[in-house]
Amino acid sequence: MVHRGELERIYEVTAPRILQRLRSGFSYYNKSGENRFVRVVSAFDREEILQETFGRFTEQWDKGNYDPTRPAEPYLMRIAFFTTLQYTGRQSREIPDEDVEIRWAEAALPVQSAEEKLVTEERAAQVRAFLESLSEEDKRICALRFQEDLSQAKIGERIGMSRDHVQRALRRLKRRLAEFFEDQGWLSEP
Amino acid sequence: MNHDEAQALVRDLFVGGEVDAAQQAALRAHLRTCADCRGLYDRWAEAEAAVGETYAASASAQRVWPSVAASAPSRSRASSWRIAGGALAAVAAALALWVTLPAPMTVEHGALPEYNVTLRPIQQTHRSADVASTERAVLLRNSDPLDLIVRPATRFSGPIRAEGFWVGAGDTRRSFALQGAEGGSFRYRGEADVVLPPAGEWTLVVYVAREDARPSDERIAALATGTATSSYDTKEKSFEAAVGQEDVWFFVVPVVVVD
Numbered sequence: 001m002v003h004r005g006e007l008e009r010i011y012e013v014t015a016p017r018i019l020q021r022l023r024s025g026f027s028y029y030n031k032s033g034e035n036r037f038v039r040v041v042s043a044f045d046r047e048e049i050l051q052e053t054f055g056r057f058t059e060q061w062d063k064g065n066y067d068p069t070r071p072a073e074p075y076l077m078r079i080a081f082f083t084t085l086q087y088t089g090r091q092s093r094e095i096p097d098e099d100v101e102i103r104w105a106e107a108a109l110p111v112q113s114a115e116e117k118l119v120t121e122e123r124a125a126q127v128r129a130f131l132e133s134l135s136e137e138d139k140r141i142c143a144l145r146f147q148e149d150l151s152q153a154k155i156g157e158r159i160g161m162s163r164d165h166v167q168r169a170l171r172r173l174k175r176r177l178a179e180f181f182e183d184q185g186w187l188s189e190p
Numbered sequence: 191m192n193h194d195e196a197q198a199l200v201r202d203l204f205v206g207g208e209v210d211a212a213q214q215a216a217l218r219a220h221l222r223t224c225a226d227c228r229g230l231y232d233r234w235a236e237a238e239a240a241v242g243e244t245y246a247a248s249a250s251a252q253r254v255w256p257s258v259a260a261s262a263p264s265r266s267r268a269s270s271w272r273i274a275g276g277a278l279a280a281v282a283a284a285l286a287l288w289v290t291l292p293a294p295m296t297v298e299h300g301a302l303p304e305y306n307v308t309l310r311p312i313q314q315t316h317r318s319a320d321v322a323s324t325e326r327a328v329l330l331r332n333s334d335p336l337d338l339i340v341r342p343a344t345r346f347s348g349p350i351r352a353e354g355f356w357v358g359a360g361d362t363r364r365s366f367a368l369q370g371a372e373g374g375s376f377r378y379r380g381e382a383d384v385v386l387p388p389a390g391e392w393t394l395v396v397y398v399a400r401e402d403a404r405p406s407d408e409r410i411a412a413l414a415t416g417t418a419t420s421s422y423d424t425k426e427k428s429f430e431a432a433v434g435q436e437d438v439w440f441f442v443v444p445v446v447v448v449d
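Heads up: the protein sequence lines correspond to chains A and B, in order.
By this note's numbering, the letter at position 15 of the first sequence is numbered 15, and the numbering carries on one by one without gaps.
One rule links them: number in this note's numbering = place in the second sequence (from 1) + 190.
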């Protein structure tokens with residue numbers, strides 16, 4: 001039987017890692033020994049795969065096929081792997097209906113083209129310039145939230161402010177960021 | 191949900207506005223069928239990643255959690271996923287997955303997604319001298335079982351149908367029905383001597399259409415005698431290209447059936 005609190009804890013830890021792995025891509029070997037590489041470019045698609053991955057995971061757990069005393073992440077990554085192949089239409093094309101050996105080898109191929117890398121670096125520089133224009137307190141909040149990925153409560157502890165204060169500040173900062181994205185044309189169709 | 195509503199909700203989601211679980215579910219259903227709004231969603235996500243990749247991954251996971259939490263308790267009763275056995279062995283996954291595509295959480299009758307076709311086994315393609323006269327033709331042997339899969343690029347649920355035709359000389363036409371599966375996929379398979387037409391040159395026409403957009407017989411005949419719409423990708427082993435619009439997708443492929 002799925003324990004809701006335990007599921008939430010597992011999700012909190014593993015879901016971002018699964019999303020990052022889908023974003024950066026992973027390679028595997030099919031039965032013929034051919035190396036294949038999969039990267040899910042669309043954020044929406046990654047979220048769809050994540051949702052289905054956890055749907056399957058809870059189903060297996062509910063059936064007693066997942067032992068909650070064992071680490072969940074490798075189990076979930078394997079589900080995510082097959083879900084991705086299915087979602088991207090590779091399941092029937094590349095994976096034979098029998099013994100498949102999967103070897104994780106993310107570093108085997110470059111995850112970004114030179115052009116993508118350039119865009120990423122340019123954007124990062126533009127974001128840094130934007131953040132530099134903020135007040136010292138806003139800069140600190142942004143660093144703790146967007147770089148260190150801390151919760152609002154922990155940010156409050158670090159800067160000596162209430163959680164409500166941090167929440168209001170983050171809402172305001174996110175609105176400013178949205179305006180910045182729009183000004184840069186990042187939200188417009190290419 | 192229309193585009194304006196969806197795009198306003200996307201903005202609210204990323205800016206931290208109030209978006210409840212029901213609105214999120216409706217938005218996700220819309221995004222599954224609307225490429226424009228999905229594109230905007232992806233651009234927001236990429237912009238967010240420029241601020242911090244780890245943060246973006248956490249924020250993305252948080253957006254999905256309401257859907258995971260909502261489906262978890264009743265998943266075993268409502269789910270269409272059926273992974274055979276206890277282990278996630280590749281054999282079970284590979285055998286079970288294609289026919290058990292998950293049902294979308296919400297049915298939305300939007301435009302059809304793009305479709306592609308897998309046809310197995312293909313003995314040879316137009317590169318073979320055997321079929322040099324029929325450019326792009328694929329060679330099927332009537333001693334092998336046939337497996338034709340029509341699969342949407344993204345899951346789709348709605349009132350749709352798929353039908354296939356072998357069109358031969360003089361507009362000889364044999365129709366066949368494709369079996370539907372959840373998620374908008376269709377399949378046609380069996381022993382070739384049952385499902386394939388007699389040896390000779392044929393044009394395979396398959397369409398997927400919304401129930402209210404069945405193509406006319408004249409349209410099918412015109413397609414069968416026109417230019418092929420799908421070419422065989424030898425690397426991917428499927429037909430990626432097709433012609434289509436919001437209501438109907440077509441695949442038109444010259445086929446040579448041999449004994």
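Every residue, glycine too, gets a C-beta built ideally from N, C-alpha and C.
Taking 7 Å as the upper bound on Cβ-Cβ separation, chain A lies near no residue of the region 389-414 of chain B. A check of alpha carbon separations from residue 368 of chain B across B:302, B:257, B:334, B:355 identifies B:355 as the nearest.
With respect to the 8 Å criterion, residue 373 of chain B and residue 345 of chain B are classified as neighbours on the basis of their beta carbons. Taking the C-beta atoms as reference points, residue 205 of chain B is found no nearer than 8 Å to residue 43 of chain A.
With a cutoff of 8 Å on beta-carbon distance, residue 377 of chain B and residue 339 of chain B are scored as near each other. For residue 66 of chain A, the three-state secondary structure derived from DSSP is coil. For residue 233 of chain B, the nearest CB of chain A lies under 8 Å from its own CB, placing it at the interface with that chain.
Residues of the same chain with a CB within less than 6 Å of the CB of residue 167 of chain A, apart from the 5 flanking positions on each side, are 152 in chain order. At least one beta carbon of chain B lies nearer than 8 Å to the beta carbon of residue 55 of chain A.
Using a CB distance cut-off of 8 Å, residue 223 of chain B does not count as an interface residue toward chain A.
Measuring C-alpha to C-alpha distances from residue 71 of chain A to each of A:7, A:126, A:176, A:185 identifies A:7 as the nearest. The beta carbons of residue 84 of chain A and residue 38 of chain A sit about 6 Å from each other, so the pair counts as a contact at 8 Å. In this structure, the alpha-carbon of residue 328 of chain B lies about 48 Å from that of residue 212 of chain B. In the three-state scheme derived from DSSP, where H, G and I count as helix and E and B as strand, residue 118 of chain A is classed as helix.
Chain B has a Cβ within less than 8 Å of the Cβ of residue 44 of chain A. Straight-line measurement puts the Cα of residue 125 of chain A at about 19 Å from the Cα of residue 141 of chain A. Excluding the 5 residues flanking it on each side, residue 80 of chain A has same chain C-beta neighbours closer than 8 Å at 18, 21, 22, 49, 50, 53, in chain order. For residue 171 of chain A, the closest of B:200, B:207, B:198, B:194 by C-alpha to C-alpha distance is B:207. Nearest neighbour of residue 397 of chain B by Cα position, chosen from B:262, B:341, B:391, B:388, turns out to be B:341. In this structure residue 336 of chain B is buried. Its beta-carbon is surrounded by 16 or more other beta-carbon atoms within 10 angstroms. The Cβ of residue 37 of chain A sits no closer than 8 Å to any Cβ of chain B. Shown here for residue 405 of chain B: same chain residues with a beta carbon closer than 7 Å to its own, the five before and five after excluded, namely 397, 399, 438 in chain order. Residue 201 of chain B sits away from residue 257 of chain B, with the two beta carbons spaced by 8 Å or more.
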